[in-house]
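Asker: One structure coming up, written as structure tokens, with questions to follow.
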Amino acid sequence: MNFPFPKDFLFGAACSACQIESACNEGGKGEDVGEHYFKLYPEKYCGGDPNNSADFYWHYREDIKKLKEMGLKILRFTISWSRIYPNGPKEVCQAGIDYYSDLIDAIKEAGMVAFFDLFHCDLPYWVIEKGGIIDPEFSDWFCAYAKTCFEAFGDRVDYWATVNEPSINCMGAYAYGINAPFMKDMEKGLLATHNMILTHYRVVRMYKSMGFHGKISAVLHVQPTYSLSLDPKDIAAADRDMEFYSGVWLDAMFLGRYPEVLLKYPWYKDKLPKNYEKELRDNFIPSDFIGFNYYNPAFARYVDNGELDYEIFANQELSQDGYGFVQYPQGLFDLLMYLKNKYPGVELMITENGVGKKKWGNLEEEREDDYRVTYLREHLREISRAYQAGAPVTAYCHWSFMDTNELYAGGYNYMFGLMQVNFETKERIPRKSFHYYKKVIENGMVD
Ligand code: NOJ
3 MNFPFPKDFL FGAACSACQI ESACNEGGKG EDVGEHYFKL YPEKYCGGDP
53 NNSADFYWHY REDIKKLKEM GLKILRFTIS WSRIYPNGPK EVCQAGIDYY
103 SDLIDAIKEA GMVAFFDLFH CDLPYWVIEK GGIIDPEFSD WFCAYAKTCF
153 EAFGDRVDYW ATVNEPSINC MGAYAYGINA PFMKDMEKGL LATHNMILTH
203 YRVVRMYKSM GFHGKISAVL HVQPTYSLSL DPKDIAAADR DMEFYSGVWL
253 DAMFLGRYPE VLLKYPWYKD KLPKNYEKEL RDNFIPSDFI GFNYYNPAFA
303 RYVDNGELDY EIFANQELSQ DGYGFVQYPQ GLFDLLMYLK NKYPGVELMI
353 TENGVGKKKW GNLEEEREDD YRVTYLREHL REISRAYQAG APVTAYCHWS
403 FMDTNELYAG GYNYMFGLMQ VNFETKERIP RKSFHYYKKV IENGMVD
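Spelled out as structure tokens, the structure:
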């Protein structure tokens, strides 16, 4: 058996600014939402002080060298809004522009494709103070920031994403209270989603009008939801979960509307902003690719609860990675085929996929990450299978290129990195998986 990949396949890795940069008070940076709430409620962030992460801000040159050594073809990272607009929507911080400009140069000089997100869990705190994503002016603030980034970096960045995992940053933050600003109001969650989608359209349209060579989209968290039984009601419930969770974004980004099945629920439709349909129709502009993060599947069962009429389970028969993700490599194949069939012809990029293991405190042992080697192999095989079955998949970004601050979801307690970070000394050392992935990239195929 062998598992080929397209000749120009972009093997890569990803991480985000607020999870590895540290340097929260350097270069004129303003406070972001995680820094602000960490000071108030460190326990909500599992004690993970964002100012004491991997110090990427100071070490990026040597880190990029190591990533080049691994042979990465694409690197995905974030520009931190609060480094570019530290105090409000008007005043640009030149030191922030200079830092990202140098970082992008380093990535390009290393021969890698540069993929940048504009927003990855790190809203400036002033955005929250002024009303957050649900504020009518949010779109203006975001567009001004995006325009500054396009002008400063657009000549060198190949792929842009307006937002990473908007489901978490809109529904998670406004409807379920999971992350900042910790609101629990479904109507606000749907308003945040709608505002973010309209903002996304505006930014995509602006980018296109500026005449750059790159592509633009958003990065979505997509879960394949399987039915727990053969009962058609359970099967329909699984489909509904996919529509509710990621279909809202996918349909808005590629079809200019919300999934029909959800609009049949009056409580859902009635909570949407009044002119949602017309606003989507009038402002729609298709995105260039589907960027999606795949970690785990979900399993659904019908229940008559008067809402979306289902509940979700983890499948107890599948093993967990310690971080809480159920491992199911085949889910990646299923997703690629699902996306290929539902949005034909759209380029597919796996923008995140990885495994988080709880640290046990022996750094040497923690470098021998055979579990990550297996994880990589199995997931890459599924991508190859999907490619051979016709899925237009062009990239795979492993999460993460180095150990992270998992923020509200785990602080520094979990290892996601191909490179280990010693958070005491800030030393970074390649793990076994780093060497394995290097070989895969060299060979252009997985074993
Ligand atoms: C997805 C998020 O984009 C990223 O910030 C996080 O660290 C990973 N999931 C792993 O939990």
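Count the sequence shown with the working numbering and you get residues 3 to 449, in order. Even for Gly, the Cβ is constructed at its ideal location relative to N, Cα and C.
Check whether the stretch 358 to 372 touches the stretch 414 to 422, taking contact to mean three or more Cβ pairs, one atom from each stretch, closer than 8 Å.
Answerer: Yes: at least three Cβ pairs fall under 8 Å.
Asker: Quick one: is Arg63 buried, meaning 16 or more other Cβ sit within 10 Å of its Cβ, or exposed?
Answerer: Numbered from its first residue, the sequence shown carries residue 63 at position 61. With fewer than 16 other Cβ atoms within 10 Å, it is exposed.
Asker: Could you pull the start and end residues of the beta strand (DSSP E) that Asp272 belongs to?
Answerer: Locating residue 272 in the sequence shown gives position 270, where the first residue counts as 1. Segment: none, Asp272 is in no beta strand (DSSP E) and carries neither H nor E.
Asker: Could you tell me how far apart the beta carbons of Ala175 and Asp187 are, in whole angstroms, since I believe they sit closer than 8 Å?
Answerer: Counting from 1 along the sequence shown, the entry for residue 175 is found at position 173. Counting from 1 along the sequence shown, the entry for residue 187 is found at position 185. That belief does not hold up - the Cβ atoms of Ala175 and Asp187 are roughly 11 Å apart, past 8 Å.
Asker: Helix, strand or coil for Asp160, going by three-state DSSP, please let me know.
Answerer: On the sequence shown, residue 160 is found 158 positions in, with the first residue counted as 1. Correct three-state label for Asp160: coil.
Asker: Between the alpha carbons of Asp306 and Glu313, how many angstroms are there, rounded?
Answerer: Taking the sequence shown and counting its residues from 1, the one referred to as residue 306 is at position 304. Taking the sequence shown and counting its residues from 1, the one referred to as residue 313 is at position 311. Going from the Cα of Asp306 to the Cα of Glu313 covers about 10 Å.
Asker: Nearest by alpha-carbon distance to Asp241: which of Leu193, Asp372 and Leu337 is it?
Answerer: Locating residue 241 in the sequence shown gives position 239, where the first residue counts as 1. Measuring from the Cα of Asp241, the nearest candidate turns out to be Leu337.
Asker: Nearest-angstrom Cα distance between Phe2 and Glu368?
Answerer: Any answer about residue 2 is impossible in this case: the structure gives the chain only from 3 up to 449.
Asker: What residue range does the beta strand (DSSP E) around Cys399 cover?
Answerer: Here residue 399 refers to the residue found at position 397 when the sequence shown is read from its first residue. Val395 to Trp401 is the span of the beta strand (DSSP E), which, as asked, contains Cys399.
Asker: Beta carbon of Leu105, beta carbon of Ala163: below 8 Å?
Answerer: Your numbering for residue 105 matches position 103 in the sequence shown. Your numbering for residue 163 matches position 161 in the sequence shown. Against a cut-off of 8 Å, the Cβ pair of Ala163 and Leu105 comes out as no contact.
Asker: Run the CB neighbour count on His437, radius 10 Å, all protein chains shown included, and call it buried at 16 or more, exposed below.
Answerer: Start at 1 with the first residue of the sequence shown, and residue 437 comes out as number 435. Label assigned to His437: exposed.
Asker: Using the C-alpha atoms, what's the distance from Leu310 back to Val115?
Answerer: On the sequence shown, position 113 is the one that residue 115 refers to. On the sequence shown, position 308 is the one that residue 310 refers to. Each residue's alpha carbon lies about 41 Å from the other.
Asker: For Phe246, verify whether its CB is less than 7 Å away from any heavy atom of ligand 1.
Answerer: For the purposes of this step, residue 246 is taken as residue 244 along the sequence shown, with counting starting at 1. It does not: the Cβ of Phe246 is nowhere closer than 7 Å to a heavy atom of ligand 1.
Asker: Could you tell me the distance, in whole angstroms, from the CA atom of Phe315 to the CA atom of Ile170?
Answerer: Position 313 of the sequence shown holds residue 315. Position 168 of the sequence shown holds residue 170. Approximately 18 Å between the Cα atoms of the pair.
Asker: Beta carbon of Cys123: closer than 7 Å to some heavy atom of ligand 1?
Answerer: Translated into the one-based positions of the sequence shown, residue 123 becomes position 121. It does: the Cβ of Cys123 is within 7 Å (strictly closer) of some heavy atom of ligand 1.
Asker: So, for Gln332: in the same chain, excluding its five sequence neighbours on each side, which residues have a beta-carbon less than 8 Å away from its beta-carbon?
Answerer: Numbered from 1 along the sequence shown, position 330 holds the residue referred to as residue 332. Cβ within range, chain order: Glu384.
Asker: Would you kindly work out how many angstroms separate the C-alpha atoms of Phe246 and Leu192, rounded to a whole number?
Answerer: Along the sequence shown, one-based indexing puts residue 246 at 244. Along the sequence shown, one-based indexing puts residue 192 at 190. Rounded to the nearest angstrom, the two C-alpha atoms are 11 Å apart.
Asker: Would you mind sorting Gln21 into buried or exposed? The rule is 16 or more other CB atoms within 10 Å of its CB.
Answerer: Residue 21 sits at position 19 when you count from the first residue of the sequence shown. Label assigned to Gln21: buried.
Asker: Taking contact to mean at least 3 C-beta pairs separated by less than 8 Å, is the stretch 316 to 330 in contact with the stretch 90 to 101?
Answerer: Too few Cβ pairs lie closer than 8 Å, so no.
Asker: Quick one, are the C-beta atoms of Ser248 and Cys123 less than 8 Å apart?
Answerer: Position 246 of the sequence shown, counted from the start, is the residue given in the question as residue 248. Position 121 of the sequence shown, counted from the start, is the residue given in the question as residue 123. For Ser248 and Cys123, no; Cβs fall outside 8 Å.
Asker: Measure from the alpha carbon of Leu409 to the alpha carbon of each residue in Ile99, Asp51, Met351 and Gly308, then state which is nearest.
Answerer: Indexing the sequence shown from 1 puts residue 409 at position 407. The shortest C-alpha separation from Leu409 is found at Asp51.
Asker: Span of the beta strand (DSSP E) holding Asn351?
Answerer: Residue 351 sits at position 349 when you count from the first residue of the sequence shown. The sequence shown places Met at residue 351, not Asn. It spans Glu349 to Glu354 - the beta strand (DSSP E) in which Met351 sits, taken as one unbroken run.
Asker: Below 7 Å CB to CB, which residues in the same chain sit around Cys48 once its five sequence neighbours on both sides are set aside?
Answerer: Your numbering for residue 48 matches position 46 in the sequence shown. These residues qualify, in order along the chain: Gly412, Gly413 and Asn415.
Asker: I need the straight-line Cα distance from Ala388 to Leu378, nearest angstrom please.
Answerer: Locating residue 388 in the sequence shown gives position 386, counting from the first residue. Locating residue 378 in the sequence shown gives position 376, counting from the first residue. When rounded, the distance between both Cα atoms is 15 Å.
Asker: Considering only C-alpha positions, which residue in the set Glu262, Gly293, Met255 and Lys441 is nearest to Asp243?
Answerer: The sequence position of residue 243 within the sequence shown is 241, counting from 1. Per the Cα distances, Glu262.
Asker: Can Phe418 be considered in contact with ligand 1, in the sense that its beta carbon sits closer than 7 Å to one or more heavy atoms?
Answerer: Within the sequence shown, residue 418 is the residue found at index 416, counting from 1. Flag set: Cβ of Phe418 near ligand 1.
Asker: Does DSSP put Arg433 in a helix, in a strand, or in coil?
Answerer: Counting from one through the sequence shown, the residue named residue 433 turns up at place 431. Arg433 falls in the coil class under three-state DSSP.
Asker: Rounded to a whole number of angstroms, what is the C-alpha to C-alpha distance between Gly446 and Ile130?
Answerer: Against the sequence shown, residue 446 aligns to sequence position 444. Against the sequence shown, residue 130 aligns to sequence position 128. C-alpha separation (whole angstroms): 45 Å.
Asker: Excluding the 5 residues flanking Lys67 on each side, which residues of the same chain have their C-beta closer than 8 Å to its C-beta?
Answerer: Position 65 of the sequence shown holds residue 67. Once the five neighbours on either side are set aside, the close Cβ partners of Lys67 are Ala112.
Asker: Take Pro6 and list the residues in its own chain whose beta-carbon comes closer than 8 Å to its own, dropping the five residues that flank it on each side.
Answerer: Residue mapping note: residue 6 aligns to position 4 of the sequence shown, counting from 1. Ser386, Tyr389, Gln390, Gly446 and Met447.
Asker: Buried or exposed, going by whether 16 or more other CB atoms sit within 10 Å of the CB of Glu33?
Answerer: Reading the sequence shown from its first residue, position 31 is the one you call residue 33. Glu33 is buried by the Cβ-count criterion.
Asker: Enumerated in chain order, which unbroken segments of the beta strand (DSSP E) with a length of 3 residues or greater are wholly contained in the stretch 181 to 268?
Answerer: Correct list: 217 to 223 and 227 to 229.
Asker: Would you mind sorting Met173 into buried or exposed? The rule is 16 or more other CB atoms within 10 Å of its CB.
Answerer: Reading the sequence shown from its first residue, position 171 is the one you call residue 173. Buried, since its Cβ has 16 or more Cβ neighbours within 10 Å.
Asker: Buried or exposed: which applies to Trp251, given that a residue is buried once 16 or more other Cβ atoms fall within 10 Å of its Cβ?
Answerer: For the purposes of this step, residue 251 is taken as the residue at position 249 of the sequence shown. Buried: at least 16 other Cβ atoms inside 10 Å.
Asker: Closer than 6 Å by C-beta to Asn53: which residues in its own chain qualify, once you throw out the five before and the five after it? Chain order, please.
Answerer: If you number the sequence shown from 1, residue 53 lands on position 51. If we look at Asn53 and ignore the five residues flanking it on each side, its Cβ neighbours are Ser24 and Cys26.
Asker: Less than 8 Å separating the beta-carbons of Met255 and Ser219?
Answerer: Numbered from its first residue, the sequence shown carries residue 255 at position 253. Numbered from its first residue, the sequence shown carries residue 219 at position 217. Yes, Cβ-Cβ distance for Met255 and Ser219 is below 8 Å.
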